[in-house]
Amino acid sequence: MPLKVGSNGLVTAAWQKTMVNRYRGYALSADGSTLKVDSYFGYDDDKVQREYQSRTGQPQTGVVTDADLHRLGIFPTLFSIHGTGQADPFGIGLPADAARECLDLFWWQPVGNYPATAVPMDGSVNEGEAELLRLINDRSICPGPFAMFDYSQGSIVGGRIRNRLRAGDLHPRYRDFIAAASWGNPMRPSGAYAGNTDPGGHGIDPQLELAEESYCINLAQRGDLYTTCPDGDVGEMERAIFNAVFRRWTGKDTVPEQLLELITNPGREIPALAKAIWNGGLFVARGTGPHVTYHLNECPGTGMTYWQYGIKHMRDVATKRLEALVAA
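Residue numbers (my numbering): 1 to 328.
What follows is the structure, encoded as structure tokens:
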């Protein structure tokens, strides 16, 4: 949403405050006083923007572009990471469609160069993780604060990067990480959920996210096997299948380990296997319904669908951030 003479509102005020803070020498009104932070883009603001454009090698139009708002840190970078089967970063899907609802508050950067293939999945996720890492580390693409929308396999990509931000090589950028909304996250920690009803369990990936910050939400629907994997023997069986998709054949909760346990302790393991097969069978019979209906079903206690609530969360975080910037 470019700013020009006549524009008004919170983004205008945030731009005015940013220009005054950074470029006090020329962020001036016609009478020589400091540019007013009054939420209205007038002729004084037009003049300041033309000076900024002159100094940054741009055509002097007086219009503040979305790219300007992004470079100045007013618009955070919003990464969208698709789930399995959607390799087009601009294609339809929960993350991209949600990002399109936030273009007045964010600079959208879809994550491409990521095949989002189903089986085997390990190479696909590794490529997605490498691409998101590259984008975050490129200051021309991600100059300041950033957020994430991700779904399903894309949430493994996002979850791995979030863990690296929390306690890994990306920790220097952790302060720039301002929000995330994840649908059907296979790395969801226990007890992390949006709404007022715990869907139970946790993500099916043996490697879960290390935390859920107040500005991150997990949108998890009861019955979604990928994000509500149970504890105990049944969960071990389900994770073994997940590990097989990632070509993990040694260690805890792998197919060989579960076969060995089945042979050595059939009295306990056979009922668990039957339950895991039953869960998976119901999941397939419903067409993976709980995993693919986040845009249709209500997030308990919110009065919105899971998809809508993720958008609301992202917009709320961005709005509060701009309000704090203006008030500072």
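Note that CB positions come from ideal geometry on N, CA and C, so glycine has one too.
Contact the region 33–45 vs the region 95–106: 3+ CB pairs below 8 angstroms
In short, these stretches do not touch, since the Cβ pair count stays below three.
To the nearest angstrom, how far is it from the Cα of Q332 to the Cα of C142?
Residue 332 is absent from the structure shown; the chain starts at 1 and stops at 328.
Considering D150, what are the terminal residues of the beta strand (DSSP E) in which it resides?
Along the sequence shown, one-based indexing puts residue 150 at 150. Looking at the DSSP string, the run of the beta strand (DSSP E) that includes D150 is 146–151.
What does DSSP give as the partner residues of S182 in its beta bridges?
Taking the first residue of the sequence shown as position 1, residue 182 is located at position 182. Per DSSP, D150, N218.
Which complete alpha helix (DSSP H) runs does the region 68–122 hold, if anything under 4 residues is left out?
94–100
Inspect the beta-carbon positions of G184 and Q207 and report whether they are closer than 9 angstroms.
Within the sequence shown, the letter at position 184 stands for residue 184. Within the sequence shown, the letter at position 207 stands for residue 207. No, the Cβ-Cβ distance between G184 and Q207 is not below 9 angstroms.
Same chain, Cβ closer than 6 angstroms to T77, neighbours up to 5 away in sequence not counted
Mapped onto the sequence shown, residue 77 falls at position 77. Contacts found: W107, Q109, C142, F146.
Could you check if K320 is buried or exposed, using at least 16 other CB atoms within 10 Å of its CB as the buried criterion?
As a first step, residue 320 is located in the sequence shown; it is residue number 320 there, counting from the start. Per the 10 Å Cβ criterion, exposed.
At the level of alpha carbons, what is the spacing between S152 and G203?
For the purposes of this step, residue 152 is taken as the residue at position 152 of the sequence shown. For the purposes of this step, residue 203 is taken as the residue at position 203 of the sequence shown. So the two alpha carbons sit approximately 10 angstroms from each other.
Just to confirm the assignment, what range does the alpha helix (DSSP H) spanning P290 have?
Position 290 of the sequence shown, counting from 1, holds the residue named residue 290. Residues 289–292.
Please identify the residue among Q53, H70, G57 whose C-alpha is closest to the C-alpha of V63.
For the purposes of this step, residue 63 is taken as residue 63 along the sequence shown, with counting starting at 1. V63 has its Cα closest to that of Q53, out of Q53, H70, G57.
Using only alpha-carbon positions, find the residue among L165, G85, Y23 that is nearest to V292.
Along the sequence shown, one-based indexing puts residue 292 at 292. The option with the nearest alpha carbon to V292 is G85.
Assumed close pair G128, G154 - CB separation to whole angstroms, cut-off 8 angstroms:
As a working note, residue 128 is residue 128 in the sequence shown. As a working note, residue 154 is residue 154 in the sequence shown. Rounded, the Cβ-Cβ distance is 7 angstroms, consistent with contact.
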